[in-house]
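These notes are about the structure you will find just below.
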Amino acid sequence: MNRKKVPLRKCVATGEMRPKKELVRVVRSKEGEVSIDLTGKKNGRGAYLSKDKEAILLAKKKNTLKNHLEVEIDDSIYDELLELVEKEKRQS
Numbered sequence: 001m002n003r004k005k006v007p008l009r010k011c012v013a014t015g016e017m018r019p020k021k022e023l024v025r026v027v028r029s030k031e032g033e034v035s036i037d038l039t040g041k042k043n044g045r046g047a048y049l050s051k052d053k054e055a056i057l058l059a060k061k062k063n064t065l066k067n068h069l070e071v072e073i074d075d076s077i078y079d080e081l082l083e084l085v086e087k088e089k090r091q092s
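Heads up, the sequence shown is in UniProt numbering, so the first residue is 1 and it goes up one at a time.
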C-alpha cells in the first residue's frame, strides 16, 4: 500500500487548501507579463485559483491576484479564467 502524496496548494481567493489538479495557476514572468499556466511549470511568480466561477469573481473583486503577483491584472485574464472553468464544466 504505497499511496502517492497529493500536492496541495492554497487558493489565493478562498484560502482553501486543495489538490493541485483542482486549481489553475496564474503566473507573472520576470518581464511582468501575466499568463495562465495550464502546465503548472512556467517560470515566474505563481498564484493558484480554484477552478470555480465564484473564486475567480472573488479574486477579481478583491484584487487578490494583483496583490499576490504585485502587478496590474488585465480583465482579459479573468475572462480567460472564466472561459476555462466553463469549458471544464461542460466536459465533465
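Don't be surprised by glycine CBs; every beta carbon is placed ideally from N, CA and C. All of these numbers come straight from a predicted model, not from anything done at the bench.
For aspartate 52, the closest of Val6, Arg3, Lys4 and Lys21 by C-alpha to C-alpha distance is Lys21. By the neighbour-count criterion, in which a residue is buried when 16 or more other Cβ atoms sit within 10 angstroms of its Cβ, leucine 8 is exposed. Per DSSP, arginine 3 lies in no beta strand (DSSP E) segment and is marked neither H nor E. Close CB contacts of arginine 28 within its chain, under the 6 Å cut and outside five residues either way in sequence, are with Val34, Gly44, Arg45, Leu69 and Val71 (chain order). Considering only Arg3, Val6, Thr39 and Ala59, the residue with the shortest C-alpha distance to glycine 15 is Ala59.
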